[in-house]
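Down below is the structure, laid out as structure tokens.
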Amino acid sequence: MNWIVAGLLASAAAFAANRFVYRVWRDVVLLGPVPLLEEVAKTMAAQMLGASILYTHVVFGLTEAILDWRGRRRGLPAAVSALLAHSIFGLLTVAVARSTGNLGAGIVAAFLGHAVWNAVMLFRSVKR
1 MNWIVAGLLA SAAAFAANRF VYRVWRDVVL LGPVPLLEEV AKTMAAQMLG
51 ASILYTHVVF GLTEAILDWR GRRRGLPAAV SALLAHSIFG LLTVAVARST
101 GNLGAGIVAA FLGHAVWNAV MLFRSVKR
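For the sequence shown, counting from 1, position 100 maps to 100 in the working numbering; every step adds exactly one.
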């Protein structure tokens with residue numbers, strides 16, 4: 001059950017860090033610093049607490065989903081996509097780390113996937 005604590009710890013750390021970097025770089029942060037901060041926070045929180053990396057990512061995604069659902073501007077579709085996306089980033093982290101024997105490679109793979117996901121979501125929101 002330490003993955004719950006790891007997920008909540010990662011959520012709190014990422015929330016605080018994201019607020020700071022957003023003030024400095026504005027929307028650009030969604031394509032670089034935010035995905036990097038979040039992937040490092042999730043994976044390292046799990047590592048430090050000896051928790052499941054995948055489950056930590058799921059708890060993080062659930063936390064983000066609750067915030068999106070409660071925030072009226074994005075709602076349920078954003079909540080569902082947050083949970084699914086962060087779960088997939090967790091699967092990607094674990095799969096790449098296992099196949100390469102390198103946790104850093106797993107984090108980089110998840111970061112790249114997350115950055116691409118954010119770029120697609122930004123493009124979709126601009127098109128509307």
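Don't be surprised by glycine CBs; every beta carbon is placed ideally from N, CA and C.
In this text the structure is predicted, and so the values were computed from the model without any measurement.
Please report the distance separating the alpha-carbon of residue i from that of residue j.
| i | j | result |
| --- | --- | --- |
| Tyr55 | Gly71 | 24 Å |
| Ala16 | Ala10 | 10 Å |
| Val120 | Met48 | 32 Å |
| Val21 | Ile4 | 26 Å |
| Val80 | Gly61 | 9 Å |
Return yes when the Cβ of residue j is within less than 7 Å of the Cβ of residue i, no when it is not.
| i | j | result |
| --- | --- | --- |
| Ala14 | Glu38 | yes |
| Ser87 | Val58 | yes |
| Leu92 | Ala110 | yes |
| Ala46 | Ala6 | yes |
| Ile53 | Thr43 | yes |
| Gly113 | Phe89 | yes |
Could you pull out every residue in the same chain whose Cβ sits closer than 8 Å to the Cβ of residue i, ignoring the five residues on either side in sequence?
| i | result |
| --- | --- |
| Gly50 | Asn2 |
In chain order, what residues of the same chain have a beta carbon less than 6 Å from the beta carbon of residue i, not counting five sequence neighbours either side?
| i | result |
| --- | --- |
| Leu36 | Phe111 |
| Val34 | Asn18 |
Contact between the segment 96-103 and the segment 66-80 (3+ Cβ pairs under 8 Å): no
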